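Novice:
Given below as structure tokens:
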């Protein structure tokens, strides 16, 4: 279908919806807005093209950031600001150019790795700066913490060659990786070297392989959810109810955040959020475990909804999606659940995004059988 962003309101709706499908991760919405506002303010119409426009012989690449979403400590902030951030928000555009030069090709479009408040605007911003469109689709249908948790990996396509650039301008070309885990480790290691995040341009594929892997229409879907949230805020309607009525899913739980614990480890933000209230099933307490994104829940200490299905926490009144970086005790929230993408419900998909992948002795059960 495709999408053209013409106004700040368009950008806000898309970014809000992408933050919703970020499932607690995917980056800070305001940072995503700050990436796209300048293009709109300069009079640029941002083109999100239908995946059907991509030809089999076209080359595409996937620009994305890696690194923890945990807020920096004062000590980390002190060390990471010792050098100029000359490449801040230029990493991905520079990476597209570097990978093109290395491969001797021109990319027809950029492909978002996932959905999120930063992690979708970032490839759109990179595409505009590089002079190419972004496609209306992504490889995850949500935000995910690990490289392997996307359709290009489930289908066995290579990450490499890939370009890695940090906000200082350090640049690496990785010609080959032995597997996705090692590719992830290389990227995460360099993000820690930069005390923050790393720009990656990876998964270069031809159009014929792109069509086998892409989840189409996810940016248009995100735009629709963002618009619903804005309109609900303006009308005073219940945003959670409006979302599930229009897009599908369930309002799983409503209540107040009473506990939040987290740690920054191995380049990820790990933790739990505890909400007291009530929901679609009898129960007084819902616990949500996250590794950057929300992945496993318990209702009164009994295992409940898990990834790959969508678990998203929003402000109960405004509908604003709340990331795990920002959620805090006292927040009044609604928890929305939706079916995950079919590809991740297969045997191969569950190996990378099911609860056992995250170390839990739990079998995945589809959300529609649990609510």
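Residue numbers (this note's numbering): 78 to 448. All residues carry an ideal CB built from backbone N, CA and C; glycine is no exception. This one's a predicted model, so the numbers in the text were calculated from it and none came from an experiment.
Just confirm the distance between the C-beta atoms of residue 231 and residue 212, as a whole number of angstroms; I'd bet it's less than 8 Å.
Specialist: Not confirmed; about 18 Å, so no contact.
Novice: Quick one: using the 10 Å Cβ neighbour count with 16 as the cut-off for buried, is residue 276 buried or exposed?
Specialist: buried
Novice: I need the DSSP call for residue 404, collapsed to helix, strand or coil.
Specialist: coil
Novice: Less than 8 Å between the CB atoms is what I'm expecting for residue 333 and residue 354, so what's the real figure, rounded?
Specialist: 6 Å
Novice: Counting along the chain, where does the alpha helix (DSSP H) carrying residue 259 start and finish?
Specialist: 257 to 270
Novice: Would you give the residue range spanned by the alpha helix (DSSP H) that residue 119 belongs to?
Specialist: Segment: none, residue 119 is in no alpha helix (DSSP H) and carries neither H nor E.
Novice: Roughly how many angstroms lie between the CA atoms of residue 258 and residue 123, to the nearest whole one?
Specialist: 34 Å
Novice: Cα separation between residue 165 and residue 84?
Specialist: Between the C-alpha atoms of residue 165 and residue 84 there is a straight-line separation of about 24 Å.
Novice: Nearest to residue 235 by alpha carbon, out of 404, 138, 313 and 208?
Specialist: Taking only the C-alpha atoms, the option nearest residue 235 is 138.
Novice: So, under 8 Å CB-CB, residue 80 and residue 297 are touching, yes? Tell me the CB distance rounded to an integer number of Å.
Specialist: 5 Å
Novice: Taking the alpha helix (DSSP H) that residue 300 falls in, what are its first and last residues?
Specialist: 295 to 312
Novice: Could you check what DSSP says for residue 335 in three-state terms: helix, strand or coil?
Specialist: strand
Novice: Assuming residue 397 and residue 391 form a contact by the criterion Cβ under 8 Å, report the distance between their Cβ atoms to the nearest whole angstrom.
Specialist: 6 Å
Novice: Quick check on residue 114: does DSSP put it in helix, strand or coil?
Specialist: helix
Novice: Would you report the Cα separation of residue 339 and residue 132, rounded to the nearest angstrom?
Specialist: 45 Å
Novice: Cα-Cα, which of 98, 91, 429 and 88 is closest to residue 371?
Specialist: 98
Novice: Helix, strand or coil: how does DSSP classify residue 47 here?
Specialist: Nothing about residue 47 can be reported from this structure: the residues present for the chain run from 78 to 448 only.
Novice: Comparing alpha-carbon positions, which option in 326, 379, 376 and 402 lies nearest residue 413?
Specialist: 326
Novice: Beta-carbon within less than 6 Å of residue 429's beta-carbon, same chain only, minus the 5 sequence neighbours each way: which residues are those?
Specialist: 225 and 226
Novice: Should residue 156 go down as buried or exposed, given a rule of 16 or more other Cβ atoms within 10 Å for buried?
Specialist: exposed
Novice: Name the one or two DSSP bridge partners that residue 215 has.
Specialist: 292
Novice: Pull up the distance between the alpha-carbon of residue 178 and that of residue 220, whole angstroms please.
Specialist: Rounded to whole angstroms, the gap between the alpha carbons of residue 178 and residue 220 is 29 Å.
Novice: DSSP state of residue 243, grouped into three classes?
Specialist: strand
Novice: Would residue 88 pass as a contact of residue 110 if the rule is Cβ separation under 8 Å?
Specialist: yes
Novice: Under three-state DSSP, which class holds residue 204?
Specialist: helix
Novice: Once you ignore the five residues that flank residue 288 on each side, which residues in its own chain have a CB closer than 8 Å to its CB?
Specialist: Around residue 288: 128, 131 and 133.
Novice: Which whole-angstrom value describes the C-beta separation of residue 261 and residue 223, a residue pair presumed to lie in contact below a C-beta threshold of 8 Å?
Specialist: Residue 223 and residue 261 do touch by the CB rule: their CB atoms are close to 6 Å apart, below 8 Å.
Novice: Which residue or residues does DSSP assign as beta-bridge partners of residue 449?
Specialist: Nothing can be reported for residue 449: it is not among the residues displayed for the chain, which extend from 78 to 448.
Novice: Tell me, to the nearest whole angstrom, how far the beta carbon of residue 246 is from that of residue 163; I am working on the premise that it is less than 8 Å.
Specialist: 5 Å
Novice: Need the endpoints of the beta strand (DSSP E) that residue 249 sits in, please.
Specialist: That run of the beta strand (DSSP E) goes 248 to 251.
Novice: Under the DSSP definition of a beta bridge, which residues are partnered with residue 82?
Specialist: Paired residues: 123.
Novice: Counting Cβ pairs closer than 8 Å, one from the region 195 to 206 and one from the region 112 to 120, do we hit at least three?
Specialist: yes
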